[in-house]
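In full-length UniProt numbering, the protein residues as written are 1 to 617. Structure first, commentary second.
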Amino acid sequence: MPDLDFDVIVIGGGHAGCEAASAAARAGASTLLLTHRADTIGTMSCNPAIGGLGKGHLVREIDALDGLMGRVADLSGIQFRLLNRKKGPAVRGPRTQADRALYKTHMQTAISSTSGLTVLEGDAYDLVMDGNEVRAVETADGRLICSRSVVITTGTFLRGLIHIGNEKTPSGRMGEAPSIGLSDRFAALGLRLGRLKTGTPARLDGRSIAWDRIGVQEADEDPVPFSFMTESITNRQIVCGVTRTTDETHRIIRDNIQRSAMYSGEIKGIGPRYCPSIEDKIVRFGDRDGHQIFLEPEGLDDDTVYPNGISTSLPLDVQEAFIRSIPGLEDVAIRQPGYAIEYDFVDPTQLDHRLAVRGLTGLFLAGQINGTTGYEEAAAQGLVAGLNAARSSLSAEPVRFSRTDSYIGVMIDDLISFGVTEPYRMFTSRAEYRLSLRADNADQRLTPLAIELGICSDARRGRYEAYEAALGNGRAALRNVSLTPNEAESFGLSLNKDGVRRSAYDLLARSDVEFFDLGRIWPDLNAIDERAKDALKIEAGYSVYLERQESSIADIRRDEAREIPPDFRFEGISGLSNEIVIKLNRFKPLNIAQAAAIEGMTPAALALILVHLKKRG
Ligand code: FAD
Numbered sequence: 001m002p003d004l005d006f007d008v009i010v011i012g013g014g015h016a017g018c019e020a021a022s023a024a025a026r027a028g029a030s031t032l033l034l035t036h037r038a039d040t041i042g043t044m045s046c047n048p049a050i051g052g053l054g055k056g057h058l059v060r061e062i063d064a065l066d067g068l069m070g071r072v073a074d075l076s077g078i079q080f081r082l083l084n085r086k087k088g089p090a091v092r093g094p095r096t097q098a099d100r101a102l103y104k105t106h107m108q109t110a111i112s113s114t115s116g117l118t119v120l121e122g123d124a125y126d127l128v129m130d131g132n133e134v135r136a137v138e139t140a141d142g143r144l145i146c147s148r149s150v151v152i153t154t155g156t157f158l159r160g161l162i163h164i165g166n167e168k169t170p171s172g173r174m175g176e177a178p179s180i181g182l183s184d185r186f187a188a189l190g191l192r193l194g195r196l197k198t199g200t201p202a203r204l205d206g207r208s209i210a211w212d213r214i215g216v217q218e219a220d221e222d223p224v225p226f227s228f229m230t231e232s233i234t235n236r237q238i239v240c241g242v243t244r245t246t247d248e249t250h251r252i253i254r255d256n257i258q259r260s261a262m263y264s265g266e267i268k269g270i271g272p273r274y275c276p277s278i279e280d281k282i283v284r285f286g287d288r289d290g291h292q293i294f295l296e297p298e299g300l301d302d303d304t305v306y307p308n309g310i311s312t313s314l315p316l317d318v319q320e321a322f323i324r325s326i327p328g329l330e331d332v333a334i335r336q337p338g339y340a341i342e343y344d345f346v347d348p349t350q351l352d353h354r355l356a357v358r359g360l361t362g363l364f365l366a367g368q369i370n371g372t373t374g375y376e377e378a379a380a381q382g383l384v385a386g387l388n389a390a391r392s393s394l395s396a397e398p399v400r401f402s403r404t405d406s407y408i409g410v411m412i413d414d415l416i417s418f419g420v421t422e423p424y425r426m427f428t429s430r431a432e433y434r435l436s437l438r439a440d441n442a443d444q445r446l447t448p449l450a451i452e453l454g455i456c457s458d459a460r461r462g463r464y465e466a467y468e469a470a471l472g473n474g475r476a477a478l479r480n481v482s483l484t485p486n487e488a489e490s491f492g493l494s495l496n497k498d499g500v501r502r503s504a505y506d507l508l509a510r511s512d513v514e515f516f517d518l519g520r521i522w523p524d525l526n527a528i529d530e531r532a533k534d535a536l537k538i539e540a541g542y543s544v545y546l547e548r549q550e551s552s553i554a555d556i557r558r559d560e561a562r563e564i565p566p567d568f569r570f571e572g573i574s575g576l577s578n579e580i581v582i583k584l585n586r587f588k589p590l591n592i593a594q595a596a597a598i599e600g601m602t603p604a605a606l607a608l609i610l611v612h613l614k615k616r617g
C-alpha cells in the first residue's frame, strides 16, 4: 500500500523544482514537492544574482507563463541593472543581485501558498517501475509515494563530490549530503550519464574589506522589474565593490597550480567555459591586466560578501594567500572556502520536447541534471517539465515550445538535439530569431498561451488583457493618423521629400522620433497608456528589421535543399563567428536545412553561407 498518492511528484526544491511544482499545481495536478529540507527550498547555491544576458530573457518568459522566479527576484533584488542598456532592446539583459535570505523566504512563501501543492521532506532514493512506466518514488527511509508522473530536479546532488585542493567530500552542496540511489536507478534504466563540474568562490567577511580602497558599481537609478505584475521595486538598492587581481595574485596561483583539484587531475568532469575558475582564467587567458572582481554583498542585513570572478578549487591556505594579494582584501577573513563540485548529469539527447525520457512513461528531468548551469536555465526547464508532467497525468495534450516563440524553446531544442559537451548556459546569440524574442515582449509572446493552458492567475489575466487592449488601441491610433513630408516640416521633422504620407507608427520607427514629438502633432496620442507607449516604440523600431528577418528566412527556406559540398571551407567566410565555424565543422551539415538546425545558427550566418555557396556555383 502506498503511503501517499499524487498526480505529480517533483523531486528537489531548487530552482527547477520550485517552478516545476508550481507549474504542475497551476495546471491542476495534485502535486508533491519532495525535497531534502524545506528550509533549503529556493537556495541560491552560488552567486546571489538572477538574470543577465540571455538569462534575463528566460526569467521574463517564466514570468510571462506566470512562473515564480521573476516575482521572487523583484521582491528580493537589491541591485537592479539593465545590462547592454546602450545596445538594442533585443540584447538587453535585465539582472539583479538578490538578498540571498529574502530570495529563499519569498520562494518558500510562494510555494507554501500554492493551492494543490504539498511539500514533504525526504530523500528520494529510488523509482518504482512497472516495465517502462513510473509508478512510485521510494524514499531512503522506506516511504512509498505513488504517482504517474515524476519530475527529477536534483541539481548538483547526483553523486556530488566536493573538491578543495586534494580533499574530497561526497556532497550535493557545501554541508549537504549527495544523492546516490537515483544515479544507480538511471544506470539500471540504461540511461547514459556523464560527469560535469562547477565551482564557487570563497565567501568573505564584509567587515574585513577595505571598501574605501576599491571602486564601486552603482545600481540603476530606475530599476526595471522582471515581472509584469510588479509595479515598482521597493527594496533599498546597494552598491558593489570592484577590484582586480594583481601580478602577485597570479604568481601565487601559478606557483600552486598543481595543488588545484582541477589541475592535479583529481577532477574528471568538464566545467563551464563561460564561468571559468580563477585558475582557468590565468592558465588559459593569461594575466596581463588582471581580472576584474565584483564584491557583492549577499544581503541587506548580511555582511557576507560574494567575490564574483574568483571561483576556485585551490586548498584553503592558497585561497587565503591569493585573495589577500587583491587590493582591498589585504586583511580579509574567509567565512567559507571556495570549492569545485563534480556531479552526474543525464545526456539530454535522451529526452523529448516535454523533457520526458524517451521510451519511458512518466519520467521527466529538469535543471542541472540535464547538463545546464544556472538558476534561470534550471527554472525554465522546471516550468516546462512540471507543466507537461501534469498534462501527462491528466491525459491532456503535451505543450511544446519552439525556437521561434521563446528562448525556452531554443534551450530545450539545443539540449535534446545536440546534447552538451560542457555545462550549457543561455546567450542571446543562441536564438536565431532574437529580434522577435525580446525580453520586453515576453508577455505578448507567452501569456496568451498561459491563459489558454489555464496556468495563469486571474489577476495576471485581467492585467494582461487590459494591456493587450491598450496596445491594440495604441497601435490603431498610431496607424490612423498620417502626414506628408511638407506637413512634417512645419512641425520641425525633416523627412524625404517623396510626397509619401507616413503614419505616426512609421514615424515612431525612427530613432529621432519619440511619443513626445508625436503628441505635439496629434495631441490625442498622448492618451495612450504609458506602458503601451514603451512597447510600441520598441515594436515600431524593430518592424523594419523584422520584415527583413522574415524575408531572409523566406530566402533561406527556398534554398534549404541546397547541398554543402564535403570540402566546403567555413573558415574562409568572413563574418561567421568562431563558435559557429567550430559547430559547422563538428556537425558537417550536408545541406542548408541541416546547417539551419545547428544551435546558435542565425539567419545572417546562413545568408553568408548561401552567398559563398552560390559564388562557388
Ligand atoms: P539545485 O538548485 O542544485 O537544487 C537541487 C535540489 O534537489 C536541492 O533542494 C536538493 O536538496 C534536492 N535534492 C537533491 N537530491 C534529492 C533527493 N534524492 N531527494 C530529495 N531532494 C533532493 N551556476 C551558474 O550559473 N554559474 C556558476 O558559476 C555556478 N556555480 C555553482 C557552484 C556550485 C558549487 C554549485 C553547487 C552550483 C553552481 N551553479 C552555478 C549552479 C546553480 O546553482 C545551479 O545551476 C542551479 O541551482 C540548478 O538548479 P537545480 O534546480 O537544477 O538544482
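Here a beta-carbon is modelled for each residue, glycine too, at the ideal position from N, C-alpha and C.
Let's see if you can read the secondary structure: which residues bound the beta strand (DSSP E) around residue i?
i: residue 216; result: 215-217
i: residue 321; result: Unbroken run through residue 321 is the alpha helix (DSSP H), 316-323; no beta strand (DSSP E).
i: residue 168; result: 167-170
i: residue 162; result: 161-164
i: residue 308; result: 302-308
i: residue 135; result: 133-139
i: residue 328; result: Per DSSP, residue 328 belongs to no beta strand (DSSP E) and is neither H nor E.
i: residue 339; result: 339-346
Is the closest heavy atom of the ligand FAD to the C-beta of residue i under 7 Å?
i: residue 16; result: yes
i: residue 311; result: yes
i: residue 618; result: Not covered by the structure: residue 618. The range shown for the chain is 1 to 617.
i: residue 339; result: yes
i: residue 143; result: no
i: residue 154; result: yes
i: residue 182; result: yes
i: residue 12; result: yes
i: residue 407; result: no
i: residue 176; result: yes
i: residue 45; result: yes
i: residue 272; result: yes
i: residue 31; result: no
i: residue 509; result: no
i: residue 368; result: yes
i: residue 34; result: yes
i: residue 375; result: yes
i: residue 172; result: yes
i: residue 198; result: yes
I'd like to check one pair, residue j with residue i: are the Cβ atoms closer than 8 Å?
i: residue 168; j: residue 161; result: yes
i: residue 118; j: residue 201; result: no
i: residue 154; j: residue 341; result: no
i: residue 407; j: residue 414; result: no
i: residue 226; j: residue 42; result: no
i: residue 238; j: residue 219; result: yes
i: residue 27; j: residue 111; result: no
i: residue 94; j: residue 56; result: yes
i: residue 310; j: residue 278; result: yes
i: residue 134; j: residue 361; result: yes
i: residue 266; j: residue 166; result: yes
Return yes when the C-beta of residue i is under 7 Å from any heavy atom of the ligand FMN, and no when it is not.
i: residue 123; result: Only the ligand FAD can be found as ligands here, which leaves the ligand FMN out of the picture.
Just mark residue i as buried or exposed, buried being the case when its beta carbon has 16 or more other beta carbons within 10 Å.
i: residue 35; result: buried
i: residue 333; result: exposed
i: residue 137; result: buried
i: residue 480; result: exposed
i: residue 533; result: buried
i: residue 399; result: buried
i: residue 298; result: buried
i: residue 557; result: exposed
i: residue 472; result: exposed
i: residue 103; result: buried
i: residue 62; result: buried
My guess is that residue i and residue j are in contact by the Cβ rule of under 8 Å, so how many angstroms apart are they, rounded?
i: residue 59; j: residue 49; result: Between residue 49 and residue 59 the Cβ distance is about 11 Å, and since that is not below 8 Å, they are no contact.
i: residue 336; j: residue 203; result: 4 Å
In the DSSP assignment, the alpha helix (DSSP H) including residue i goes from what residue to what residue?
i: residue 18; result: 15-26
i: residue 467; result: 458-480
i: residue 410; result: 407-418
i: residue 615; result: 603-616
i: residue 424; result: No alpha helix (DSSP H) contains residue 424, which DSSP labels as neither H nor E.
Within 8 Å (strictly less), CB to CB, does residue i reach chain B?
i: residue 31; result: Structure shown: chain B not included; a single protein chain is present.
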